Amino acid sequence: MNQWEQLQQAAKSGRVNRREFMRYAAALGITTSLASGLMVKAGYAAEPKKGGTLRIGMEGGSASDSLDPRTYADSVMIASSLCIMNCLVEFDSAGNPVGELFESWEAKPGAVEWVFKVRQGIKFSNGKTLDAEDCIYSIQIHRGETKSPAKGILEQIKEIKATSASEVTITLSSGNADFPVILGDYHLVVVPKDFSDWQKPIGTGAYTLESFEPGVRLVFKNRGDYWKPGRGNFDTVEIRNIQDQAARTAALQSGEVDAVNRLDARTVDLLKQDSNLSIVRTKGTGNRYCFVSRVTQKPFDNKDLRLALKYGIDRQGIIDSVYSGYAVPGNDHTLDELNPFYNTRMPQRAYDPDKAAFHFKKAGLGDTKIELQTSEGAWNTAVDCASLYQESLKKANITLDVNKVSADGYWDNVWLKAPFCAVYWGRRMSADQTFTQVYGSASDWNDSDWRIPAFDKLVEEARIELDQEKRKELYFQCQEMIAEEGGMVCFAITDYLDGYSTKVMGAEPHARYDLNDNRIAEKGWFA
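Shown next as structure tokens:
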């Protein structure tokens, strides 16, 4: 594909705007008059159009799905919630926090006290006007006696109050310059005060729920007059749960659906040759694929065993074989190279069967077999990765029994319960959120059960540190502790690979999640 064809592809998928199209065309030697005439042929849509039914085929749902935000754990429910509801804070395509229902904010000196302005004139689908009490309620349901995954990141809130109908003041237990990032967590969608009927959710989003069959599909209807200009363009949105990757891809190719997430990297180069499809790749921000042991359960309470499992995985081999190079090696924690606090001094852990054998022998486990539970329900290639892991451990004389379990209910029945299992994590937009939610002692989502007061102290110190170099050093130490002592074997950070019909506009990479931050139903339109 030449550069002009690439530019047309970018225009078709909405990844360049009108001005960028003209600038890039000029750089390719195409005159202004010719470029203007070619814009239509390139599929460029100057303005979003209304109408049509968007059909999305997604991995990331199950029969236990609920629209209660305290239960969200995967993409289907995140994308579905964002059809109906809005968050307090959203992120632009580069990953910067921008106002959503909190229109703007200001921190007092020391970043302990924050004042948030509530966007005015916004109405819920039941006709109620949004106010500060609704925003407070939508935060408070994730605090106190709850199993909400957001509970841990909200522990830092000391006081929250409405200082007027349009203003919320939040006082923290200590300063946190990244606090607005925390409020962009996808669990923090906004509903009216005292709302509790999650089978009939009320929100300020572009759509209302028409029907919901957990683990199968959801249908949404446009409610009209959406408050965000140029967004909420489809008449109807249908989200189908298609866990099987091959079936999902086939549905896209046949025109049964218009968009899919999590394409098989091994098929992407072939799919690029289909003129009816557009592939959107987001480099280095995708899912973090891991095998996680619970360090409080034997035999994984042995640090040497955990190190053996980390040295015994051929990361690059898995990336080449399963992800066709559309990934980078993980370094046994979930922060990525795009984060400004990523530890650049820590060597990349390499496959070393001799070191793995040394630590396994030091663990004193003899010929103990290690069981790993995995499933396509964890992620679509988890079983393939586990099989390759099994082979690489053989060279260290470590026997790994791969136990393939049911995909349905995997996140309810296996994750946070099995001693050693396949897990993936999505990107968090700050180091503080990453370390608090994934590894913090107070987090219900701490899946390795690695709860270390010294680590929590480092995170707290980094949170309030205003000197960026000192803060970086603290976060470097956090990553070193996790990689050396924790129960996570994080072996790959993938690229997000979305597939779209070329008639779908507004499909562009996003620094947080795939399918344009799971908001393609809100941001997209048909050509």
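Residue numbers (numbering that gives the first Met the number 0): 0 to 526. Glycine is no exception: its CB is placed at the ideal position from the N, C-alpha and C atoms. Treat the numbers as computed from the prediction; the structure is a model and nothing was measured.
> In whole angstroms, what separates the C-alpha of residue 299 from that of residue 134?
Replying inline: So the alpha carbons of these two residues sit roughly 42 Å apart.
>> If we define contact as Cβ-Cβ less than 8 Å, is residue 100 a contact residue for chain B?
In response: The structure shown contains no chain B, having only a single protein chain.
>> Looking at the strands, I want to know which residues DSSP matches up with residue 400.
In response: BP columns for residue 400 point to 370.
> Where does the unbroken beta strand (DSSP E) through residue 101 begin, and where does it stop?
Replying inline: Segment 101-106, the beta strand (DSSP E) holding residue 101.
>> The alpha helix (DSSP H) that contains residue 454, what's its start and end?
In response: 452-463 is the extent of the alpha helix (DSSP H) around residue 454.
> What three-state label does DSSP hand residue 340 in the structure shown?
Replying inline: Correct three-state label for residue 340: coil.
> Name the DSSP bridge partner or partners of residue 500?
Replying inline: Partner(s): 276.
> So what's residue 241 in DSSP terms, helix, strand or just coil?
Replying inline: Of the three classes helix, strand and coil, the one that applies to residue 241 here is coil, per DSSP.
> Alpha carbon to alpha carbon, how far is residue 71 from residue 448?
Replying inline: In this model, residue 71 and residue 448 are separated by some 20 Å (Cα to Cα).
>> Along the chain, where does the alpha helix (DSSP H) containing residue 310 start, and where does it finish?
In response: Where residue 310 is concerned, the enclosing alpha helix (DSSP H) stretches over 302-310.
> For the candidate residues 494, 121, 524 and 526, whose alpha-carbon lies nearest to that of residue 261?
Replying inline: Among 494, 121, 524 and 526, the Cα nearest to that of residue 261 belongs to 494.
>> Less than 8 Å between the beta carbons of residue 535 and residue 374, yes or no?
In response: Residue 535 lies beyond the residue range present for the chain, which begins at 0 and ends at 526; the question has no answer from this structure.
> Got a sec, what are the start and stop residues for the alpha helix (DSSP H) residue 270 sits in?
Replying inline: Residue 270 -> alpha helix (DSSP H) spans 267-270.
> Which partner residues does residue 235 have in the DSSP bridge list?
Replying inline: For residue 235, which the question treats as bridged, DSSP gives the partners 52 and 220.
> Cα separation between residue 32 and residue 505?
Replying inline: Here the model assigns residue 32 a pLDDT of 43, short of 50, so the residue's position is not dependable, and the following value carries that caveat. Using only the alpha carbons, I get a separation of about 25 Å.
> Among the residues of its own chain, which have a CB less than 7 Å from the CB of residue 516, if the five just before and after it don't count?
Replying inline: Cβ neighbours of residue 516 within its own chain (closer than 7 Å, five residues either side excluded): 90 and 509.
> Grouping DSSP H, G and I as helix and E and B as strand, with all else coil, what is residue 261?
Replying inline: Per DSSP, reduced to three states, the secondary structure at residue 261 is coil, with no helix or strand assignment.
> Quick one, are the C-beta atoms of residue 235 and residue 219 less than 8 Å apart?
Replying inline: Taking C-beta atoms as the reference points, residue 235 and residue 219 count as a pair closer than 8 Å.
> CA-CA distance, residue 238 and residue 285?
Replying inline: Going by the C-alpha atoms only, they are around 21 Å apart.
> Going along the chain, which residues of its own chain have a beta-carbon closer than 8 Å to the beta-carbon of residue 289, five neighbours each way excluded?
Replying inline: By the criterion of a C-beta distance shorter than 8 Å, residue 289 is surrounded in its chain by 329, 333, 421, 422, 423, 424, 487, 488, 489 and 490, once the five residues flanking it on both sides are discounted.
> Nearest-angstrom Cα distance between residue 130 and residue 164?
Replying inline: Straight-line measurement puts the Cα of residue 164 at about 5 Å from the Cα of residue 130.
>> I believe residue 171 touches residue 111 by the beta-carbon criterion, under 8 Å. Please report the beta-carbon distance rounded to the nearest angstrom.
In response: That belief holds up - the Cβ atoms of residue 171 and residue 111 are roughly 5 Å apart, short of 8 Å.
> Under a Cβ-count criterion, where at least 16 other Cβ atoms within 10 Å of its own Cβ denotes burial, should residue 272 be classed as buried or exposed?
Replying inline: Around the Cβ of residue 272, a 10 Å sphere holds fewer than 16 other Cβ atoms; the residue is exposed.
>> Assuming the contact rule is C-beta atoms closer than 8 Å, residue 434 and residue 372 should be a hit. Round their C-beta distance to whole Å, please.
In response: That belief does not hold up - the Cβ atoms of residue 434 and residue 372 are roughly 26 Å apart, past 8 Å.
>> With a threshold of 6 Å on Cβ separation, who are the neighbours of residue 513 within its own chain once the five nearest residues in sequence on each side are excluded?
In response: Excluding residues within five positions, the ones whose Cβ falls inside 6 Å are 260, 495 and 497.
>> Distance check for residue 526 and residue 36, CA to CA, integer angstroms please.
In response: Caution applies to residue 36, whose pLDDT of 47 falls short of 50 and renders its modelled position unreliable; the value that the coordinates give is listed next. A straight-line Cα-Cα distance of about 17 Å links residue 36 and residue 526.
> So the beta strand (DSSP E) residue 168 belongs to, where does it begin and stop?
Replying inline: Where residue 168 is concerned, the enclosing beta strand (DSSP E) stretches over 166-171.
>> Please list the terminal residues of the continuous beta strand (DSSP E) segment that includes residue 98.
In response: Its beta strand (DSSP E) spans residues 96-98.
> Under a three-way DSSP split, which group does residue 191 fall into?
Replying inline: If DSSP states are grouped into helix, strand and coil, residue 191 belongs with coil.
> Going by other Cβ atoms of all chains shown within 10 Å of its Cβ, with 16 needed for buried, is residue 282 buried or exposed?
Replying inline: Around the CB of residue 282, fewer than 16 other CB atoms lie within 10 Å, so the residue is classed as exposed.
> Between 176, 96 and 69, which lies nearest to residue 137 when the distance is taken from Cα to Cα?
Replying inline: Comparing Cα-Cα distances from residue 137 to each of 176, 96 and 69, the minimum goes to 69.
> DSSP three-state call for residue 393: helix, strand or coil?
Replying inline: Three-state result, residue 393: helix.
> Since residue 474 is in the alpha helix (DSSP H), which residue starts that stretch and which ends it?
Replying inline: Counting along the chain, the alpha helix (DSSP H) containing residue 474 begins and ends at 467-484.
> Between residue 470 and residue 461, is the Cβ-Cβ spacing less than 8 Å?
Replying inline: For the pair residue 470 and residue 461, the CB atoms are nearer than the 8 Å cut-off.
>> Starting from residue 299, trace the alpha helix (DSSP H) in both directions and tell me its first and last residue.
In response: Taken as a continuous stretch (DSSP letters only), residue 299 belongs to no alpha helix (DSSP H), as it is neither H nor E.
> Where residue 353 and residue 390 are concerned, what is the direct C-alpha to C-alpha distance, given to the nearest angstrom?
Replying inline: Distance between the alpha carbons of residue 353 and residue 390 is about 15 Å.
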